[in-house]
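In my numbering, the protein residues as written are 31 to 126.
Since the structure comes first, as structure tokens, the remarks are kept for the end.
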């Protein structure tokens with residue numbers, strides 16, 4: 031029997047995808063909001079696809095802020111944007 035792959039929903043495109051393919055943003059018990067690179071930090075989590083179009087949609091519709099139940103700083107959005115650019119293959123072309 032095949033092992034079950036954990037699925038999570040992207041707050042931008044609302045598609046279910048394997049957890050390991052998504053970036054996790056977490057609100058820690060100390061109320062800090064940050065990117066969780068390990069996927070294991072405790073706190074309230076939300077996921078976004080590593081694509082700028084999904085992040086832009088999540089920002090525009092305030093989906094990430096709703097999921098975190100807190101306002102999110104422009105610095106965190108910029109950090110997510112840099113992480114997305116870093117994680118994309120250099121030869122790929124993305125429209126957005």
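Glycine included, every Cβ here is placed at the ideal spot set by N, Cα and C.
Since the model is a prediction, treat every value here as computed from it, not as a measurement.
Check whether the Cβ atoms of residue 94 and residue 55 lie closer than 8 Å to each other. yes
Please classify residue 63 as buried or exposed, where buried requires at least 16 other C-beta atoms within 10 Å of its C-beta. buried
Find the nearest neighbour of residue 78 within the set 41, 37, 35 and 36, judged by alpha-carbon distance. 41
Rounded to whole angstroms, what is the Cα-Cα separation between residue 65 and residue 101? 15 Å
Do you know how far the Cα of residue 45 is from the Cα of residue 104? 24 Å
C-alpha distance - residue 110 paired with residue 74, whole-angstrom precision: 17 Å
Counted within 10 angstroms of its Cβ, other Cβ atoms place residue 114 as buried (16 or more) or exposed: buried
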